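Residue numbers (UniProt numbering), protein chains in the order written: chain A, 1 to 342; chain B, 1 to 549; chain C, 1 to 158. Beta carbons are placed, not taken as given, at the ideal position from N, Cα and C, and that holds for glycine. Quick caveat: nothing in here was measured; it's all calculated off a predicted structure. Here the structure comes first, spelled out in structure tokens, and everything after it is commentary.
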Amino acid sequence: MTIHKGRGFACINYPIGMNLGGDPSQALVHSNPDGKFTVALSAIDLGQGMKSVTRQIAAETLGVPVEDVYVDTADSDTGPHDMGSFASRGTHRVGNAVIRAAEEARGVMLEAAAEELEVDAGDLVTDGRGNIHVRGAPSRSITTMAASQAAQFKQGRTIAGRGIFLIPLSEVDPETGEMTPVSCFAHAGLVVDLTVDDETGEVEVLQINSAYEVGRALNPRLVEQQLIGGAWMGLSHALWETTEPYYPNRDHGPVDFVNYLMPGPGEVTPHNIAVLERPAEDAPFGGKGPGEMCANPVLPAVANALYNAVGVRFDELPITPEKILRGLRANGGARPQAVRQG
Amino acid sequence: MIEFRKDLFADERDDTLNEVGKPTRRQDILGHVTGRSPYFDDHLFDGLLHMRAVRSPHHHARIRRIDTAEAERMPGVVRVLTGKDVPQNLNTLLSLLDFGIDDEPLLSTDKVAYRGEPVACVIAATELQARDAVAKVRVDYEELPAVFDVEEALKPGAPTVNPVYPKNAFVYHGRYDHQKLRFGDVDAALAQADHVVEGRYQMSPIEQAPMETCGAIAAPEQNDRYVCYTSTQALFFSLGTAAKMLKMGSNRLHFIGGTVGGGFGGKVDSLHEPMAILGASLTGRPCKFAWDREEEMQVGAPRGAERWYLTDGVMNDGRIVARKFTGYFDSGAYTRLSSYAIIKGVGHLPGPYTIPNVHADVYCVFTNRTPATAMRGFGITGVDFAIEAHMDKVAEVVGMNPIDLRILNAYRDGDMKAHRRLAKNTALIECCQVAAQKAGWSIAPSSQAAASMKDGGGARAALPAHTVTDQKGLVEGFDSGSYAKKAGASAPPSPSSAQPNRPTPTPTPGQAAPAPAQARPAPQTAASSPDQPRNKPNRFSSLSGFRRR
Amino acid sequence: MGKTPVTLTLNKAERAGFTDPGENLLNFLRRGLGDLSPKYGCGQGTCGACTVLIDGEPQLSCLVLAETVSGKTVNTTGGLADGAQLHALQTAFMDGFAAQCGYCTPGMLMAAKALLDRNPRPSRDEIAEAISGNLCRCTGYAPIIDAILAATGQQVQG
């Protein structure tokens with residue numbers, strides 16, 4: 001038995017939003033009389049943090065503290081149309097719709113404040129802590145609560161806003177594939193270090209070093225959640241998971257988690273992440289969706305590391321111990337490749 | 001360990017925001033840790049009925065007869081649904097975007113094309129009673145030959161999996177049995193390359209495996225409406241699909257969701273909502289239709305398998321001058337979303353690299369297995385595996401550090417991409433540099449000096465002087481504009497409506513590739529009645545048939 | 001088939017209900033007693049989402065017959081907080097971003113509580129072992145292990 005060490009690299013980009021557009025999202029924002037806001041959506045929170053990131057986007061745009069905003073989703077009687085949570089579209093499409101809705105509501109709030117302060121609304125700014133004041137003159141101020149109360153009970157204004165974001169559907173040329181896919185791309189580069197036991201075919205992933213470019217990390221902890229969990233899923237896809245272990249043969253398909261395998265809490269791989277932020281011009285505060293792309297580079301990086309370790313190309317996923325042992329046998333045993341630094 | 005490299009691209013960012021960029025706690029976290037987050041199944045109804053599907057044990061079979069009599073007499077059984085109970089028993093998910101033809105019944109009536117395909121649905125007082133009654137539904141099947149391999153399925157004489165697409169391939173734009181990408185002259189470039197590197201890559205189906213299985217609870221609401229609590233990832237997709245299949249105004253449906261126990265793409269297919277609402281409408285009682293874990297794994301649509309063939313032409317210095325793809329997406333028995341994933345995948349080719357000659361033929365193939373659908377990285381994960389595993393082989397052939405090879409070929413701001421749009425806002429090079437640095441893997445000085453904002457554009461922004469096109473896989477014999485007038489969409493629901501009238505396929509003489517013919521789908525939107533065929537092109541027409549010239 | 005009466009102590013309260021023959025505890029707690037915090041993930045005893053404590057021991061409620069808990073003490077995440085005062089594990093999961101979709105969280109918290117009740121200062125490996133029957137599809141487990149460590153007041157290593 002020999003344990004072989006290997007190191008592999010892969011890098012990727014990933015399109016944000018439904019590839020060809022035509023996937024609108026809407027948002028509604030309104031204020032209670034005390035200046036507390038509700039954002040109504042039909043977007044879905046699958047765990048990716050839809051409610052949380054749109055809440056921060058709305059608060060930022062309105063110019064109020066995040067505690068003053070709650071996101072309500074998804075009730076088709078109150079939430080406006082939205083295509084759904086898939087294709088890394090949530091943050092980008094819904095986030096943009098929320099910005100537009102919040103801008104409209106903010107505009108009314110500032111008009112109400114302007115009327116109370118007897119100034120021009122264009123001269124007003126928010127401090128993000130619940131106050132509206134004249135630019136350069138913080139003492140001439142009114143709270144967002146007072147402005148909202150005035151709008152509601154004195155001026156008869158609705159502090160509310162509607163937003164939609166739509167990238168129109170792109171044509172696709174049947175002859176050449178010419179098209180206008182998506183609007184921005186996230187990026188990643190990733191190094192996997194692992195060992196292979198040439199007797200059992202077992203792989204231990206020692207560490208991952210990665211760089212993920214996400215536009216802007218709208219909430220760094222939510223981004224971290226996606227990158228750590230997504231890379232875990234990438235490892236699982238690379239080495240463990242399938243519903244058809246002998247594809248295209250349909251037999252031996254797992255029907256429970258005893259046979260559908262994924263790495264567990266005892267197999268956590270140390271993952272050193274660098275987040276790069278190059279904002280996309282059409283994205284909400286530049287943020288691209290990190291949720292899908294984070295898994296993709298792991299699969300090929302693992303395959304490339306395995307080649308480095310034992311000199312066998314594993315071109316079929318998942319790379320199970322069975323496939324590794326078969327590959328080693330066909331290869332006449334392990335033939336480790338040049339050691340890569342690190 | 002996570003670090004934020006604020007030093008990179010700093011001049012493109014304003015980092016003085018109040019709330020954006022802060023590590024604010026999740027809005028939903030208190031509900032999660034107290035067990036109060038309301039998932040679809042966390043709504044209690046008195047008298048809730050449970051629905052269980054009767055599923056095909058065969059991969060491919062004709063249905064001779066479905067006998068529900070004994071099941072209906074079982075304890076607790078309220079009703080047994082079959083296809084004739086579904087007002088419009090044929091749908092394709094993307095018909096809401098006018099992409100593709102209705103090809104999948106909610107409950108199959110004349111044929112099953114994958115093991116686990118539902119043919120009836122028992123509604124009973126308890127789940128156990130529903131399960132017991134499922135075993136008493138007698139279905140006479142006549143087994144048919146099945147096909148499981150994508151390339152076998154495309155061969156002449158292969159069994160037809162999906163009668164809407166007789167040659168087992170989705171038809172793109174009403175013209176071809178695959179989606180093409182043509183950029184430059186790949187064959188000429190391959191002939192001139194110093195090395196040609198070939199590879200074949202295969203990804204098997206993968207289960208999304210959300211911890212919460214897919215499901216929905218529907219109940220009659222006041223005012224002749226139905227409330228539906230659902231685990232859907234796409235509220236209005238599911239609402240629109242239910243409205244279409246049940247022929248109900250969308251405003252009679254009140255969908256509530258948004259708190260979902262993981263999705264990863266597996267909760268888009270909108271199968272549970274129409275079934276649960278149908279049950280509620282026919283029994284007048286709340287009905288729950290949800291998968292157990294076994295169904296989630298083997299009947300619930302997985303990330304479909306993909307097979308990719310890659311051929312690269314590379315020069316001794318590592319420049320890739322040509323890249324050719326042949327791709328097969330295994331869609332399973334029905335279209336669901338695979339057709340669309342291919343468009344997404346083709347727009348992604350040849351990966352994040354600037355390659356002057358690119359060619360791809362990508363097929364959406366029907367086989368006798370569980371239909372595939374979306375999953376995290378949809379349309380991209382499989383081909384990225386192929387591309388990046390292939391890059392490693394190319395690096396070996398030319399004797400380069402694989403990271404240097406990537407940076408040398410990386411796309412940069414201003415470069416022309418194969419889908420004929422300029423790249424912008426790129427950051428691949430920086431990701432390569434930072435990952436290498438973190439891992440302590442040294443790269444060449446030229447790679448260190450490279451940048452996404454440098455050395456792009458110019459000659460790299462040019463379209464190819466000449467692009468070779470072809471008509472391989474041409475489909476003839478149908479008028480892409482005539483579908484809306486055909487009987488298919490307005491015919492009464494019956495087994496025969498599963499096969500809308502369409503012109504006979506006329507393969508192009510001399511073409512080995514399959515050439516199924518098809519009609520355009522009837523435009524269906526949540527707002528329009530499925531009974532009212534439209535006589536003019538839908539504005540979302542470009543994907544399926546029309547092209548604006 | 002008759003129903004069977006079941007009396008138990010659920011989250012410090014005396015509760016009673018009737019169970020159908022063969023009904024599992026998960027269903028009885030959720031639909032019979034209205035405690036929706038344990039989740040159905042597989043019904044096969046392989047995912048841990050339905051984990052509850054029976055007389056202090058972590059059990060998979062989908063594999064326990066409801067009638068067998070008569071006279072016993074059952075604790076669920078629905079009763080983990082002391083009134084409005086959250087348990088240290090709950091606070092640590094919140095601060096540590098140890099949940100995404102949240103569906104595995106109630107079971108995960110029960111498995112963790114059972115561990116801390118018998119071992120207040122577990123190691124990372126002991127934590128991993130204690131939650132090894134609880135699947136999570138979102139987080140990659142590292143944040144969960146870190147949160148459980150943090151709940152014990154131990155330093156979370158980078």
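The continuous stretches of alpha helix (DSSP H) do not include Asp198/A, and DSSP gives it neither H nor E. The three-state reading of DSSP puts Leu8/B in coil, since its state is none of H, G, I, E or B.
For the pair Asn425/B and Glu277/A, the CB atoms are not nearer than the 9 Å cut-off. With fewer than 16 other CB atoms across the displayed protein chains lying within 10 angstroms of its CB, Leu44/B is exposed.
One finds Asp315 in chain A with Cβ atoms closer than 7 Å to the Cβ of Gly199/B, taken in chain order. According to DSSP, Met51/B shares a beta bridge with Ile123/B, Phe289/B. Secondary structure of Ile380/B (DSSP, three-state): coil. Rounded to the nearest whole angstrom, the C-alpha separation of Thr160/B and Asn168/B is 6 Å. Under the criterion of beta carbons closer than 8 Å, Val122/B and Ala61/B do not qualify as touching, at roughly 20 Å.
Chain A places a beta carbon closer than 9 Å to that of Tyr141/C, counting this residue as a contact. Rounded to the nearest angstrom, the gap between the Cα atoms of Gln129/B and Ser61/C is 21 Å. Think of a sphere of 7 Å around the beta carbon of Gln179/B: the chain A residues whose beta carbon falls inside it are Gly177, in chain order. Sequence-distant Cβ neighbours of Glu296/B in its own chain, meaning closer than 6 Å and more than five residues away, are Thr213.
The beta carbon of Phe93/C sits no closer than 9 Å to any beta carbon of chain A. Measuring C-alpha to C-alpha distances from Glu430/B to each of Ser204/B, Met416/B, Leu408/B, Ala418/B identifies Leu408/B as the nearest. Between the alpha carbons of Phe9/A and Val298/A lies a distance of about 9 Å. Contact between the segment 184 to 204 of chain A and the segment 34 to 54 of chain A is absent: fewer than three C-beta pairs spanning the two stretches fall below 8 Å. Ile131/C and Met110/C have their C-alpha atoms some 9 Å from each other.
If you look at Met203/B, you'll find it isn't in any alpha helix (DSSP H); it sits in the beta strand (DSSP E) that goes 195 to 203.
Setting aside the 5 residues that flank it on each side, Glu152/B is surrounded in the same chain by Ala158, each with a C-beta closer than 7 Å to its C-beta; the list follows chain order. By the CB criterion at 9 Å, Gly63/A and Arg100/A fall outside the cutoff. In summary, His466/B is exposed, with fewer than 16 beta-carbon neighbours lying within 10 Å of its beta-carbon over all protein chains present. Annotated as proximal: Leu246/B and Val86/B, with beta-carbon spacing under 9 Å. A buried status is given to Ser339/B, since no fewer than 16 other beta-carbon atoms sit within 10 Å of its beta-carbon. Below 8 Å, too few C-beta pairs join the segment 303 to 323 of chain A and the segment 444 to 459 of chain B to call them touching: fewer than three.
Legend: CB atoms of the segment 321 to 340 of chain A lying less than 9 Å from CB atoms of chain B belong to residues Gln337, Arg340. Under the 9 Å criterion on CB atoms, Tyr40/C is classed as non-interfacial with respect to chain A.
In chain order, Ala53, Arg55, Leu107 place their CB closer than 6 Å to the CB of Pro118/B, counting only its own chain and leaving out the 5 sequence neighbours on each side. For Lys51/A, the chain B residues whose C-beta falls within less than 7 Å of its own C-beta are Gln27, Asp28, listed in chain order. At a Cβ-Cβ threshold of 9 Å, Lys267/B and Ser231/B count as neighbours. When 7 Å is used as the limit between beta carbons, Ala150/C is near no residue of chain B, the shortest such separation being about 13 Å.
Closest in C-alpha terms to Gly379/B, from the list Asp330/B, Pro166/B, Ile277/B, Asp292/B, comes Asp330/B.
The DSSP-derived three-state label of Ser442/B is coil.
Following the DSSP letters along the chain, one finds Ile12/A inside the beta strand (DSSP E) bounded by residues 3 to 15. At a cut-off of 9 Å, the C-beta of Thr335/B has no neighbouring C-beta in chain C. Note on Met275/B: 16 or more other CB atoms within 10 angstroms of its CB, so buried under the neighbour-count rule.
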